[in-house]
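Using the working numbering, read the sequence shown as starting at 45 and increasing by one per residue.
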Amino acid sequence: MSTGAVGRAYPRLEGPAKVTGTARYAVEYPMDGVTYGWAVPSAVVRGRITRIDTTEALASPGVLAVVHHGNAPRMAPGPQPELRLLQEPTVHYRGQYVAVVVATTLEAAREGARLVRIDYDSGPHSTVLTEDHPGLYKPDQVNPSYPTDTAEGDFDAGYAAAPVRVDVTYRTPAYHNNPMEPHATTAQWHDGRLLVHDSTQGATPVRATLAELFELPPESIRVVAEHVGGGFGSKGYAKASVVLAALAARHVERPVKLALTRQQLFGPVGYRTPTIQRIRLAADTDGRLTAICHDAIGQTSTIREFAEQTAVYTRSMYAAPHRRTTHRLVRLDVPTPFWMRAPGECPGAYALESAMDELAIAVGIDPVELRVRNDTAVDPDQGRPFTSRNLVACLREGAERFGWAGRDPSLRSRRDGRWLIGTGVAGSSYPARARPSSATATARPDGSFLVQINATDIGTGARTAIWQVAADALGVPPERVEIRIGDSELPAAALAGGSMGTASWSWAVIRAAQALREKLPDGGPPTGEVTAEADTTEEVGGQPALPRYAYGAQFVEVRVDADTGEVRLNRMLGVFAAGRVVNPTTARSQLIGGMTMGLSMALHEEGLLDERYGDWVNHDLATYHITSCADVESIEAYWLDERDDKLNPAGVKGIGEIGIVGAAAAVANAVHHATGVRIRELPIRLDKLIGVSDLA
Numbered sequence: 045m046s047t048g049a050v051g052r053a054y055p056r057l058e059g060p061a062k063v064t065g066t067a068r069y070a071v072e073y074p075m076d077g078v079t080y081g082w083a084v085p086s087a088v089v090r091g092r093i094t095r096i097d098t099t100e101a102l103a104s105p106g107v108l109a110v111v112h113h114g115n116a117p118r119m120a121p122g123p124q125p126e127l128r129l130l131q132e133p134t135v136h137y138r139g140q141y142v143a144v145v146v147a148t149t150l151e152a153a154r155e156g157a158r159l160v161r162i163d164y165d166s167g168p169h170s171t172v173l174t175e176d177h178p179g180l181y182k183p184d185q186v187n188p189s190y191p192t193d194t195a196e197g198d199f200d201a202g203y204a205a206a207p208v209r210v211d212v213t214y215r216t217p218a219y220h221n222n223p224m225e226p227h228a229t230t231a232q233w234h235d236g237r238l239l240v241h242d243s244t245q246g247a248t249p250v251r252a253t254l255a256e257l258f259e260l261p262p263e264s265i266r267v268v269a270e271h272v273g274g275g276f277g278s279k280g281y282a283k284a285s286v287v288l289a290a291l292a293a294r295h296v297e298r299p300v301k302l303a304l305t306r307q308q309l310f311g312p313v314g315y316r317t318p319t320i321q322r323i324r325l326a327a328d329t330d331g332r333l334t335a336i337c338h339d340a341i342g343q344t345s346t347i348r349e350f351a352e353q354t355a356v357y358t359r360s361m362y363a364a365p366h367r368r369t370t371h372r373l374v375r376l377d378v379p380t381p382f383w384m385r386a387p388g389e390c391p392g393a394y395a396l397e398s399a400m401d402e403l404a405i406a407v408g409i410d411p412v413e414l415r416v417r418n419d420t421a422v423d424p425d426q427g428r429p430f431t432s433r434n435l436v437a438c439l440r441e442g443a444e445r446f447g448w449a450g451r452d453p454s455l456r457s458r459r460d461g462r463w464l465i466g467t468g469v470a471g472s473s474y475p476a477r478a479r480p481s482s483a484t485a486t487a488r489p490d491g492s493f494l495v496q497i498n499a500t501d502i503g504t505g506a507r508t509a510i511w512q513v514a515a516d517a518l519g520v521p522p523e524r525v526e527i528r529i530g531d532s533e534l535p536a537a538a539l540a541g542g543s544m545g546t547a548s549w550s551w552a553v554i555r556a557a558q559a560l561r562e563k564l565p566d567g568g569p570p571t572g573e574v575t576a577e578a579d580t581t582e583e584v585g586g587q588p589a590l591p592r593y594a595y596g597a598q599f600v601e602v603r604v605d606a607d608t609g610e611v612r613l614n615r616m617l618g619v620f621a622a623g624r625v626v627n628p629t630t631a632r633s634q635l636i637g638g639m640t641m642g643l644s645m646a647l648h649e650e651g652l653l654d655e656r657y658g659d660w661v662n663h664d665l666a667t668y669h670i671t672s673c674a675d676v677e678s679i680e681a682y683w684l685d686e687r688d689d690k691l692n693p694a695g696v697k698g699i700g701e702i703g704i705v706g707a708a709a710a711v712a713n714a715v716h717h718a719t720g721v722r723i724r725e726l727p728i729r730l731d732k733l734i735g736v737s738d739l740a
């Protein structure tokens, strides 16, 4: 029976270890004879290495080796060609890692990297995304496996016949993941076995990738990720640091610690593609949508295709009889884009939710009411009812908490001295997913329990949530439960991504706990250890594919300096429906974190690419601006008590990404309400406001 641990606000289990500095991250594990690696990036955009001179580097004190395509251990080809590093002289983009210097100290490795001389035969390159690029093409599918295009009804006819129409184009720049812990790895070979401590969102897939690259059985590789300092999608699969460290360690036959610098994170480890999105909305005079079209353009690399699912958000958010969505890509001489928190839904929501605001103004109705009128109980894309859909409830409760009813819809209607005041709203949705996972539960003679699963806590409080779920499933106080995670030698589990971690892991933990309880004698602990295991592969795969989403509504009040265009947030409030909340403390942190990232997207973040050199000029957090405390005075997150018995045994939907979806649009809509200026290309910088209209 349940002990009521789920739903209570427990502090994080690893909190004391983190605040005292005893929690070890990827390059903090002590090892005998350890060395240090420093990655050397290419200095050209596209070309071929013709010569590598390592003479000066090898003569530098402490340098042990310079590993490059001419001497690196060989790797097998695989499904991720960008991970076959140091295998050939070809350069596909500026910043591609072409060598690793290994030395006895970090400082010596860095100096050695400076002394490596590389000559290139470079060629012309193309690195800028445009809507008329001659290389535009239709990919076979978009991430992860959605249809590239969809169509229902007759959009062109429906759009042409509508009395109210909106046709607008929105642009977002490249966005870069910047976790506090960079991509980092410690690698060690011993008797043909590889041990890596890696900063990853999933030790199980990293082990599988390394096994394929190095042609080893998976059981010969161990990947440990006990503590991870953030990932946001960029660490979803094996990345450059783990491959480079493993190559270098095999070459020098000593352990190697390799952490990419902040400057080296802008591109080669993934980023969100810039987008160009055209939204066309048609409605009747009551604001009911009759036609929707969302055309999205993004970029990928010449090495591997990654197509962000930007327009997928529009397929299920609001109902209309005539609908069309499309995705087009351009292959450029740039690194491969990858996941960034809420891939697809985040930029897609910015465009659609901004366009909905423009439609509300065109029709002359309240933007909250517009969204309510276009709600639907049936998924417009799949034609089946949602397992639960509480978008309207989020909008209603959010409006009440925010005080939306007293809003004057007129533009530039509120002023406080030199500050123009405005409010905005946006809806949010994100798929509720689960993936097969396995776990074991063990009962000990002393009455305690051990639960093991290769889940990953990337700073979200995941191990605490699993601990709470396990306690309830076992029917014991949580203090009697020990949790072990973050090690590929534990039962394999889904990675921490796609807002599916807790949904997937809790499923396996509950089933293992149930199996264990059936084995235990009545009335007391066993005389020896008793273990039960569970694998949810068949169970998860057998679930009906009904549409499942978390929902939210975000409300923002901004003030804009009429003289300078400076934007500040007075307050930001979100209400979400995300199934059962396991831990209110960590849930609130997750939601506020996502909302803050959305605010950062709206006002600050911007990857600026220099076409001449094919590289981003941003290289640190001084040149890639993110939100700080000064940007928002109040930020609040609430959630509904939502129960959905069609999800998973724990009833959770996932909250890692819903907070960022729609947030940027809410800010942009508030800025427009305050100033009368519609910014359709993020970020909303003061020069764009001043340059478009005389605010004063």
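Even glycine gets a Cβ: it sits at the ideal position worked out from N, Cα and C.
{"Item": "Extent of the continuous beta strand (DSSP E) to which VAL240 belongs", "Value": "237-242"}
{"Item": "For ARG462, the nearest candidate out of MET361, ASP607, THR358 and TRP549 (CA to CA)", "Value": "ASP607"}
{"Item": "Every unbroken alpha helix (DSSP H) inside the segment 170-235 [4 residues or more]", "Value": "199-205"}
{"Item": "Backbone CA spacing between PRO191 and VAL146 [nearest angstrom]", "Value": "45 Å"}
{"Item": "Contacting residues, own chain, Cβ-Cβ under 6 Å from THR253 (five flanking each side not counted)", "Value": "ALA282"}
{"Item": "Closer than 8 Å to chain B by CB, GLY314", "Value": "Considering every chain present, this structure includes no chain B. It has just one protein chain."}
{"Item": "Option in ALA61, LEU730, LEU260 and LEU173 with minimal Cα separation from GLU610", "Value": "LEU730"}
{"Item": "Sheet register partners of GLY91 (DSSP bridge)", "Value": "VAL135 and SER166"}
{"Item": "Cβ shell of GLU100 (< 6 Å), same chain only, five flanking positions each side left out", "Value": "LEU159"}
{"Item": "Inter-residue spacing [alpha-carbon to alpha-carbon] between PHE620 and ALA594", "Value": "7 Å"}
{"Item": "Counted within 10 angstroms of its Cβ, other Cβ atoms place LEU403 as buried (16 or more) or exposed", "Value": "buried"}
{"Item": "Helix, strand or coil at ALA293 [DSSP, three-state]", "Value": "helix"}
{"Item": "Beta-carbon proximity list for ARG256, same chain, < 6 Å, skipping 5 on both sides", "Value": "Residue identity differs from the one stated: residue 256 is Glu in this sequence, not Arg. If we look at GLU256 and ignore the five residues flanking it on each side, its Cβ neighbours are GLY122."}
{"Item": "Three-state secondary structure (DSSP) of MET616", "Value": "strand"}
{"Item": "Minimum C-alpha distance to ARG324 - residue among GLY280, VAL286 and THR369", "Value": "THR369"}
{"Item": "Under the three-state DSSP convention, the category ALA147 falls into", "Value": "strand"}
{"Item": "Three-state class that DSSP yields for GLN307 in the structure shown", "Value": "helix"}
{"Item": "Every unbroken alpha helix (DSSP H) within the segment 569-632, with a cutoff of 4 residues, ordered by chain", "Value": "581-585"}
{"Item": "Limits of the unbroken alpha helix (DSSP H) element including ILE527", "Value": "Taken as a continuous stretch (DSSP letters only), ILE527 belongs to no alpha helix (DSSP H), being part of the beta strand (DSSP E) at 525-528."}
{"Item": "Rounded straight-line distance, which links the Cα of ALA83 to that of ARG222", "Value": "Reading off the sequence shown, one finds Asn at residue 222, where the question assumed Arg. Computed Cα separation, rounded: 18 Å."}
{"Item": "Residues near ALA710 by beta carbon distance below 7 Å, same chain, minus five either side", "Value": "GLY468, VAL469, ALA470, GLN598, PHE599 and VAL600"}
{"Item": "Spatial neighbours of GLY503 in its chain, beta-carbon cut-off 7 Å, leaving aside the 5 residues before and after", "Value": "VAL272, GLY273 and GLY274"}
{"Item": "Extent of the continuous beta strand (DSSP E) to which VAL107 belongs", "Value": "107-112"}
{"Item": "Same chain, Cβ closer than 6 Å to ILE704, neighbours up to 5 away in sequence not counted", "Value": "ARG385, ALA386, CYS390, GLY638, MET641 and GLY642"}
{"Item": "Distance CB(TRP683)-CB(ALA622) smaller than 8 Å", "Value": "yes"}
{"Item": "Straight-line Cα distance separating GLU58 from ALA449", "Value": "43 Å"}
{"Item": "ARG209 versus ASP330, TYR315 and VAL286, residue with shortest Cα-Cα distance", "Value": "ASP330"}
{"Item": "Reference TYR203, options CYS337, GLY392 and ILE510, closest by Cα", "Value": "CYS337"}
{"Item": "C-beta contact flag for VAL436 and VAL422 at 8 Å", "Value": "no"}
{"Item": "Host alpha helix (DSSP H) of LEU129 (start-end)", "Value": "Careful: LEU129 lies outside any alpha helix (DSSP H) and carries neither H nor E."}
{"Item": "LEU396 beta carbon less than 8 Å from that of THR346", "Value": "no"}
{"Item": "Meets three-Cβ-pair contact criterion under 8 Å: the segment 553-564 and the segment 485-503", "Value": "yes"}
{"Item": "Contacting residues, own chain, Cβ-Cβ under 8 Å from ASN187 (five flanking each side not counted)", "Value": "PHE350, ALA351, GLU352, GLN353, TRP383, PRO387 and GLY388"}
{"Item": "Helix, strand or coil at LEU260 [DSSP, three-state]", "Value": "coil"}
{"Item": "Neighbour-count burial assignment, GLY408, 16 or more Cβ in a 10 Å radius", "Value": "exposed"}
{"Item": "Neighbourhood of SER104 by C-beta distance below 7 Å, restricted to the same chain and skipping five residues each side", "Value": "ALA152, GLU155, GLY156 and LEU159"}
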